[in-house]
Every structure is written in structure tokens, then in C-alpha cells.
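In terms of this note's numbering, the sequence shown is residues 144 to 420.
Where is the CB? At the ideal position from N, CA and C, for every residue including glycine.
For clarity, every value in this text was computed on a predicted model and none was experimentally measured.
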Amino acid sequence: MSYRKVEKIIKGIQTTDGAGVNLTRIIGSPELNMLDPFLLLDEFGSANPNDYIAGFPSHPHRGFETITYMLNGKFRHQDSAGNEGILTDGSVQWMTAGRGVIHSEMPEQTEGLVRGFQLWMNLPKKLKMIDPAYHDIPAEKIPQVDFEGGNVKIISGSYQGIKGPGKPHTGMLYHNIYLKPDALFEMKIENGWNVFIYIYEGSMELDQTIPKGCLVVFEQSGDLILDAGPDGAQFIVVAGEPINEPVARGGPFVMNTRGEILQAFDDYQKGVLDKPV
Ligand code: CO
């Protein structure tokens with residue numbers, strides 16, 4: 144049986160976004176610009192309200208999906224089309240920006256721990272201009288599989304025949320995994336898909352000790368075999384089918400060409416970004 148070897152280990156970089164929210168950028172940085180189809184991964188996490196209280200006031204998106212996984216805390220999202228929802232502990236918001244949304248993501252709490260991840264997943268050219276959509280997934284709708292060495296929460300894709308609630312537009316899986324000290328974990332991933340894990344608590348032993356705060360990118364084929372460190376490990380595993388198309392980025396827009404990015408800025412300025420065509 145072949146297993147995927149580690150290809151790259153990357154430490155996130157501290158940055159700010161929105162109205163000054165402190166976060167760690169893991170994908171979408173000079174060290175790892177993207178891992179097709181994933182364009183960006185941020186970890187936001189702080190017990191200090193000053194790090195998150197300003198939130199992400201009104202801003203636009205076009206051409207991709209954002210998947211926000213709230214480990215702890217409460218955020219309210221609202222958009223210009225009147226959609227509204229609250230993200231609470233353990234819940235996921237799956238937003239398809241498609242042709243365009245203008246939304247805000249603001250904390251509902253003024254104290255305590257806020258922690259989670261935002262992942263940007265690209266849409267293929269033929270789906271970039273689809274209607275925008277929101278899909279709020281409460282924590283209790285995310286199935287959990289327990290085994291001797293820990294547990295797996297299935298956000299998207301499946302594990303041991305159990306399917307998660309996520310509805311990606313191209314092949315993708317997203318699990319949150321807890322492993323007990325020194326536990327071994329194995330799973331199959333489609334050959335050809337890109338896969339990464341991000342360790343947010345504990346550590347992993349993969350030929351070397353990999354501490355929390357690290358992203359590990361694996362080879363494109365074989366099974367995933369992971370070994371938790373002496374204090375166990377909490378991590379997300381995310382895998383996706385590469386889209387293999389040109390990527391043009393312009394701030395909150397991700398298209399295939401520079402012309403389409405300029406068009407997005409123009410549509411936003413004219414107030415038609417989120418209007419039906
Ligand atoms: Co946003």
C-alpha cells in the first residue's frame with residue numbers, strides 16, 4: 144500500500160484583514176500562493192476581543208466559495224440581498240459567491256474565545272458566474288465518527304461511508320479530526336487530489352515532529368497515514384480535485400483573466416455586482 148509523503152511544511156504568517164482582525168494566513172501567502180483548488184486559508188483565533196471585535200464590514204466577492212468553520216465563538220453574516228445567519232460554536236457557513244455578493248461578517252460577542260478557519264475554494268470557469276448562495280450548517284448536522292484513537296467530524300466528502308453535509312461544486316473533502324496521544328490514523332483520498340492538513344492543537348510525528356500552527360502538504364497520490372504526537376493532535380484535513388485553469392486574483396475577486404477582474408471592480412463600482420443579470 145502506498146502512502147503520501149510530505150511535500151511541504153509551512154508555518155502561517157501573522158497578518159490583519161477586514162477592519163483590523165488579527166489572523167494567521169496559511170494559504171494565500173508568498174510561501175504558498177494556492178493549492179489548487181484552494182486559494183486561501185486563514186486561522187482566526189484569539190481570546191482577546193481587541194483582535195476580532197472590528198470584524199469584516201461590508202465587502203464584495205466574486206468567482207469562488209468561502210467555507211467558514213467556527214470552532215468557538217459567534218459571528219453574524221448579512222448580505223445585500225437580505226440573507227442573514229449566525230455562525231456559532233462548531234458550525235459551518237458555506238457561501239458560494241458566484242457572480243457576486245456584498246456581505247459583512249461581524250462578531251456577535253464582545254468577550255471570550257473566537258476561533259476558526261476561513262477557506263476559499265475556487266470555482267471552475269463555467270461556474271464562476273452562477274447565482275450566489277448561502278448554506279448554514281449547524282454543529283449538530285455535522286456527523287462525527289468515533290474510533291479507538293479519536294474522532295472525525297465530516298464537514299464535506301465522506302469517511303467510512305458516512306457523508307458530510309457540505310455541497311461543493313467540484314470534488315472536495317473537509318474533516319476536523321481529533322487524535323489521542325500517539326494514535327495512528329489512516330484514510331483514503333482520491334488519487335490526483337491535492338491534500339493538506341493544518342494542525343491547530345498538539346503535534347504530529349511524520350518522520351519529524353510537526354508542531355501546531357503548521358500546514359502540511361502531501362503528494363498527489365496514495366493513502367494518508369498520520370501519527371499523532373505525545374499530546375495528541377487536533378487538525379483539519381482538506382482535499383480537492385485540482386481545477387487546472389488560469390487564476391487571476393484581484394483583492395476579493397478570483398477569476399480566470401485580468402479583464403474579468405477589472406470587470407468585477409467595474410460592476411462593483413456601478414452597484415451591479417450582486418444584481419441578477
Ligand atoms: Co467575505
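Apart from the 5 residues on each side of it in sequence, Ile156 sits with its Cβ closer than 6 Å to the Cβ of Arg168 and Ser172 in its chain, given in chain order.
Taking all protein chains in view, the Cβ of Ser301 is surrounded by fewer than 16 other Cβ atoms within 10 Å, so the residue is classified as exposed.
Fully enclosed beta strand (DSSP E) runs of no fewer than 3 residues occupy 235-239, 244-250 and 257-265 of the stretch 230-267, in order along the chain. Secondary-structure assignment with DSSP links Tyr321 through a beta bridge to Asn294 and Gln377. Our two residues, Glu208 and Leu358, have alpha carbons roughly 21 Å apart in a direct line.
Secondary-structure assignment with DSSP links Lys355 through no beta bridge to anything. Listed in chain order, the non-local C-beta contacts of Ala162 below 8 Å within the same chain comprise Ala197, Gly198, Phe199 and Pro200, local neighbours out to five positions each way being set aside.
Sequence-distant Cβ neighbours of Leu175 in its own chain, meaning closer than 6 Å and more than five residues away, are Ile153. Where Asp410 is concerned, the enclosing alpha helix (DSSP H) starts and stops at Arg401 to Gln412. By a beta-carbon distance limit of 8 Å, Gly307 contacts Ser299. Their separation comes to about 5 Å. Note that the C-beta distance between His246 and Asp279 is not below 7 Å. For the pair of segments examined, the stretch 316-335 was found to touch the stretch 349-369: the number of CB pairs separated by less than 8 Å reaches three.
Cβ contact annotation for Asn334 (same chain, cutoff 8 Å, sequence separation greater than five): Gln363, Ser364 and Gly365, in chain order.
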